[in-house]
Every structure is written in structure tokens, then in C-alpha cells.
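Under the numbering used here, read the sequence shown as residues 3 to 277, first letter to last.
For each residue, glycine too, the CB sits at the ideal point set by N, CA and C.
Treat the numbers as computed from the prediction; the structure is a model and nothing was measured.
What follows is a short report on a single structure.
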Amino acid sequence: KEKADTVTILEKIGHFLDEQNEKLYRKFKKQGIAKKDVSQRIADEINIAKILRKSAKKWDGGYAMAGLFGHGDAFVLRDPSGIRPAFFYDDDEITVAASERPVIQTAFNVPFKEIKEVKPGHALIIKKNGSTSLKEIRKPLPRMACSFERIYFSRGNDSDIYRERIQLGQRVCPAILNEVDHDLKHTVFSFIPNTAEISFYGMVKGMESYLNHVKRDKILKHEGELDASKLDELLSIRPRVEKIAWKDVKMRTFITEDSSRDDLVSHVYDITYET
Numbered sequence: 003k004e005k006a007d008t009v010t011i012l013e014k015i016g017h018f019l020d021e022q023n024e025k026l027y028r029k030f031k032k033q034g035i036a037k038k039d040v041s042q043r044i045a046d047e048i049n050i051a052k053i054l055r056k057s058a059k060k061w062d063g064g065y066a067m068a069g070l071f072g073h074g075d076a077f078v079l080r081d082p083s084g085i086r087p088a089f090f091y092d093d094d095e096i097t098v099a100a101s102e103r104p105v106i107q108t109a110f111n112v113p114f115k116e117i118k119e120v121k122p123g124h125a126l127i128i129k130k131n132g133s134t135s136l137k138e139i140r141k142p143l144p145r146m147a148c149s150f151e152r153i154y155f156s157r158g159n160d161s162d163i164y165r166e167r168i169q170l171g172q173r174v175c176p177a178i179l180n181e182v183d184h185d186l187k188h189t190v191f192s193f194i195p196n197t198a199e200i201s202f203y204g205m206v207k208g209m210e211s212y213l214n215h216v217k218r219d220k221i222l223k224h225e226g227e228l229d230a231s232k233l234d235e236l237l238s239i240r241p242r243v244e245k246i247a248w249k250d251v252k253m254r255t256f257i258t259e260d261s262s263r264d265d266l267v268s269h270v271y272d273i274t275y276e277t
């Protein structure tokens, strides 16, 4: 018998769905409701949140899953630690969910502020009549968002991700300056891989800010001694930025073991000569 996560999830939800379906059937039968009307009443009153609470009681790890029931109700469920991301947009016509905001913004042309997060431990319940609600399924735990996913797999055009990467680049500046002994004249800045580009911009901004302070201090120190030529020379100091590494767009990179990494990199990447 299969023991894959997907099979276990389906069996769990299916079990508690059957259990609730049976209880509602007996309830309506006891009330004397005609058999032809019972199915519709069950579909109207079935409690998706209750089914998910019982099913997910002992689930562990990160997940953001969506499910659709045969009678038309649907759900999007997120793990209580917020390991996996989940966002949604809802209006009078559509309800859409995805792991990243930009895909929703692009596909449906909606502003950033109208896209909401499925909170950790919560489920977005979509009833077959179109109504939606957010229900707590598991008590939220301390947030433990997957850093690898956020750093490597997130779309850089997401507003939060963009600002976060810019700040990341700015924050590494002190460590870089210490590493090169503040000798920016003989230091060339570049980036690799392509996903580091936004953080690289942040780093360049940080270096420009540092150099502006250096220029200011030198101007104040030599006030009255600078002619136009010396001032131009001082103001021309800026970070040396080059596009050093080039990636073959036809080659896809992937995580590999150490023994084959050098060969892979030599085929995928090249350099700009004499930079």
C-alpha cells in the first residue's frame, strides 16, 4: 500500500469527509427530509473547516495545498509554521490562490495591496456558492518561513522580495569593506548568479553611500585647498562595477555534487575579458 504524503492526505480528508457526510445524512433522515433533497442539504451544510481540523491534527512540516470536493467546495490550506507561502485574491467574480503574489498581479492585473496572505495554520474556504472565508485550522506556531525558497525561488518582482534583496545587498557592505581593507580603488564588483542582481544593486548603493561619506570628509579636511581639477578627481571616485560573469542562456543550472561542479560551471559560465 502506498504511503506517499499525497495518498495519506487524501485518505485522511476522505475519511473525515465520509464521517461528516454520514452524520449529516442521519440528521436529515431523522428530520424526515426526502432522500432527493438530502444530498443538496449535505452539500450546503458540510463543514470543510471541521474536516480539515480533524485531518491535519497531526500533520507536520511545510505545506500549502489546495483541494476541491466533488460537490463544489474548495480550500487552500497552509501549515501552522508558515514554512510554505500562500497568497490569494478574491472578488465578486473570481478567487485565485498561488504561492507568489506577482503571478496573481500579472495574470489578473490587480494591485499589490488587494492580494492577501493565507495566514499560517489557516485555510481559505471557497463554498460552491462563491462565498469565501478564512478559518483557523491549526493554532499558528512561531513563523519559520523556508529561507531557501524565499531566497532562490521567489520572484524578484514581488515588492517585499525586491526590498528585502536590496536591503540584503546593503547589509553586506561592512563585511566586504573589511575584507578588501576599504581599498575600493582596486576592487571590482560584479554578481553571480542572475538571481543575485537585485541584491547587487543594493550592495552598489551601499558602497556609493560609503564613498559619499569618504568624499565629504576629504572635502571638509582640505577645504580651501581644492582646485577644480582636484575636486573633479575626488568626485569621480565610485565603485568599480563590471559585468564579469556571463551565463549561457541555453544552459540550465542545477544543484550538483562537488565532483562535477567545476565541469558544469566551466560550460555554463564565461567571463568578460579584460574587465
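{"Check": "Which residues share a DSSP beta bridge with Ser135?", "Outcome": "Ile127"}
{"Check": "Return the first residue and the last residue of the alpha helix (DSSP H) that Phe90 is part of.", "Outcome": "Looking at the DSSP string, Phe90 is not in any alpha helix (DSSP H); the run it does join, the beta strand (DSSP E), is 89-92."}
{"Check": "Return the chain-ordered list of same chain residues with a C-beta closer than 6 Å to the C-beta of Gly69, the five sequence neighbours on each side being excluded.", "Outcome": "Phe77"}
{"Check": "Bridge partners of Thr10, per DSSP?", "Outcome": "DSSP, once it has assigned bridges, lists no residue as partnering Thr10."}
{"Check": "If you run the structure through DSSP and keep just helix, strand and coil, what is Met146?", "Outcome": "coil"}
{"Check": "Here's a check: name, in chain order, each residue in its chain whose Cβ is nearer than 6 Å to the Cβ of Lys129, leaving out the five neighbours to either side.", "Outcome": "Asp75"}
{"Check": "Please name the residue in Val190, Asp94, Lys59 whose C-alpha comes closest to that of Arg80.", "Outcome": "Lys59"}
{"Check": "Taking the alpha-carbon positions, what's the Phe18 to Ile53 distance?", "Outcome": "6 Å"}
{"Check": "With a threshold of 8 Å on Cβ separation, who are the neighbours of Tyr27 within its own chain once the five nearest residues in sequence on each side are excluded?", "Outcome": "Val40, Ile44"}
{"Check": "Which value, in whole angstroms, describes the spacing of the CA atoms of Gln169 and Ala198?", "Outcome": "12 Å"}
{"Check": "What distance in whole Å lies between the Cβ atoms of Ala99 and Val120, which are believed to be in contact at a cut-off of 8 Å?", "Outcome": "7 Å"}
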